[in-house]
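Just so we're aligned: the sequence shown equals residues -20 to -1, 1 to 170 in mature numbering (1 follows the signal peptide of the UniProt record, and there is no 0).
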Amino acid sequence: MASSFLKIRSLLGLLTIRLADDNFLKWSYHIESVLQGYELFGHFDDSSIPCCPVYRIQSVLSELTTAYKEWIRTDKALLSLLIASLFDEALEYVIGCKTARDAWINLSDRYASVSRGRINHLKTELQIAQKGGDSIERFLLHLKHLRDQLNAAGIKISDDDFIINALNGLPPEYDIIKTVLIARDTPLSL
């Protein structure tokens, strides 16, 4: 576990996204990816269970107690790392949390839960999105962001529906391409 501290220290520079009210999906993906890459996400998803703090056999007592202390120290370091990745408004939701998992659950409960109104807003935004003056790449990234938020809320948007929404958001100069793509017999894929 001593190497865990070296890992955790080096992670601070990798965590470049701080949690705000509007970027939970991006932030949580970033945190989870980095921590899984360093085999530390177990403290957040409860797959890293602390060992027993006390064991009855005296000869093993100090070793198990040391392992438990190391687990606690690693967890506190990860909690500190998580806190360092938060803006002030998000910090309010982890004050009082004793473990990295508690903080992760509090943040997930606060930011991942999406109201019915928000889901309807995202669906509507996906349906009425227009390319406007944006590049095709920026327009499609905006649509992908909306789709990702809906997916995170448990609403799956099929590839066909996504493509139709994207085509409908294109200006008239794309009408020929839109007509050809919509009239195809074979389904489009992303």
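Just so it is clear, CB atoms sit at the ideal spot from N, CA and C, and this is done for glycine as well. Since the structure is predicted, the reported quantities are computational estimates derived from the model, not experimental observations.
- Within the stretch 56 to 89, the complete alpha helix (DSSP H) segments of 4 residues or longer fall at 68 to 71, listed in chain order.
- Y48 and L20 have their C-alpha atoms spaced approximately 16 Å apart.
- Burial check for A163: the Cβ neighbour count within 10 Å stays below 16, so the residue is exposed.
- The beta carbon of L(-6) sits closer than 8 Å to the beta carbons of H10, I11, V14, L61, A64, S65 from its chain, once the five residues preceding and following it are set aside; these are given in chain order.
- Taking a 10 Å sphere around the C-beta of T159, we find fewer than 16 other C-beta atoms and assign the residue as exposed.
- Using a Cβ distance threshold of 7 Å, A70 and L(-2) count as a contacting pair.
- The C-alpha of N145 lies about 6 Å from the C-alpha of Q107.
- Boundaries of the alpha helix (DSSP H) around E12: 4 to 17.
- Of E105, S138, V94, the smallest CA-CA separation from L123 is found for E105.
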